[in-house]
Amino acid sequence: MVISVRSYAKINIFLHINGKRSDGYHDLQTLFAQTELHDTITIDEADRTELVCNVPEIPVDSSNLIIRVKDILSSRYGLKKEYSINLEKNIPSGGGMGGGSSNAACFLKAVNNLSDLGLSYCDMAEILGEIGSDTVYFLHDKPCYAEGRGEVIVSEAELPSVPVLLVNPNIHVPTGEIFGGGNLKLTAKADLSRMPLVVGYEELLAMLDNGLEAAVFAKHPVLQILKTTLLDSGADGALMSGSGSTVFGIYRTDEQLSGACSIIKEKFADFTVFKSRIKGAG
């Protein structure tokens, strides 16, 4: 039985850094939201597990989170089946949109449905929490408030499904390098359980904040220029997603989005631009 699943990209509506933990990670609080930009994963039973990808730079060995998940399922949960996995990438790698994490979670959900493993949400969250910080979020279809390393989901939320322009400058920003380099904007920990579960457009814009922006912009000033250009192009709000390097602009209408897209493509001809939309209600 062949199945294909969509693996959606995420953006961070806000990303607040609360401080460094004793284990070396940072405590953070965030609001994740998926966009309509997605990869496609096609899975079929096979004699041996093999991952192929349309992007040559993407590893297809055990350093790929899909294979990490498959290895855990085989060694720990006794999965006997093998799979042919085709990964069609559209989400830029290392762009702060969680492409690899999304791929891992979608593969896990798909194999759980294809097999007789019968893993619970908690089982899948435990597996994904071991291999990444934003991976658990992708078990959800709706926007989510999260904290800890990003793996502790506090609640789902509903956002307006508004147009968003995703701009990736094809710069790889190592997450660990940014967190370890200082210049982070620290924010006092909030009670996310008191955050609105239904967020309006103006509330959404007011939330936009990323404690990593200053550190990343200092290393890559073109990202500050990109953010300013998005705002000048008519975006009601703009922000870097995650640790970068993707910067997004939020627009009220598709017409505004299309006009901005033309401006960005003209000014930043080498950047990758996606017209998309927030998946606000799942």
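Count along the sequence shown from 1, add 114, and you get the number used in our numbering.
Where a beta carbon is used, it is the ideal one built from N, C-alpha and C, also for glycine.
Nothing here was measured: the structure is a model prediction, and the numbers come from that model.
Buried or exposed: where does residue i fall if 16 or more other Cβ atoms within 10 Å of its Cβ makes it buried?
i    : result
I364 : buried
S176 : exposed
Y235 : exposed
K184 : buried
T342 : exposed
G290 : exposed
L187 : buried
N227 : exposed
D153 : buried
S269 : exposed
M115 : exposed
K203 : buried
V330 : buried
A328 : exposed
S347 : buried
A271 : buried
S216 : buried
G138 : exposed
G351 : buried
Roughly how many angstroms separate the alpha carbons of residue i and residue j, rounded to a whole number?
i    : j    : result
V287 : T367 : 31 Å
P173 : R182 : 12 Å
L273 : I117 : 29 Å
V169 : I245 : 22 Å
G133 : L279 : 30 Å
D248 : E240 : 12 Å
E369 : A349 : 11 Å
L345 : D323 : 14 Å
E164 : N178 : 12 Å
F293 : L151 : 26 Å
F382 : K223 : 37 Å
R135 : C167 : 36 Å
L242 : K124 : 16 Å
H130 : D141 : 9 Å
Please classify residue i: does DSSP put it in a helix, a strand, or coil?
i    : result
P277 : strand
V183 : helix
S355 : coil
Y241 : Note that residue 241 is Ile in the sequence shown here, rather than Tyr. It is helical.
R135 : coil
I377 : helix
L129 : strand
N284 : coil
N217 : helix
A383 : coil
A349 : coil
N297 : coil
A395 : coil
A160 : strand
V119 : strand
E196 : strand
E171 : coil
Do residue j and residue i have their beta-carbon atoms positioned less than 8 Å apart in this structure?
i    : j    : result
Y122 : K393 : yes
L193 : L253 : no
V281 : F385 : yes
I157 : Y191 : no
L326 : I127 : no
S376 : T149 : no
F146 : P257 : yes
I267 : L201 : no
I285 : S359 : yes
S90  : A395 : Coverage of the chain is limited to positions 115 through 396, which leaves residue 90 absent and any answer about it impossible.
May I ask you to check if the CB of residue i is nearer than 7 Å to at least one heavy atom of the ligand SAH?
i    : result
V119 : In the structure shown, the ligand SAH is absent, as is every other ligand, since no ligand is present at all.
Do the region 208-222 and the region 349-358 meet, that is, are 3 or more Cβ pairs less than 8 Å apart?
yes
Does the structure place the region 309-321 close enough to the region 330-339 that three or more beta carbon pairs sit under 8 Å?
No: fewer than three Cβ pairs fall under 8 Å.
Quick one: any contact between the region 256-273 and the region 291-308, if contact means 3 or more CB pairs under 8 Å?
yes
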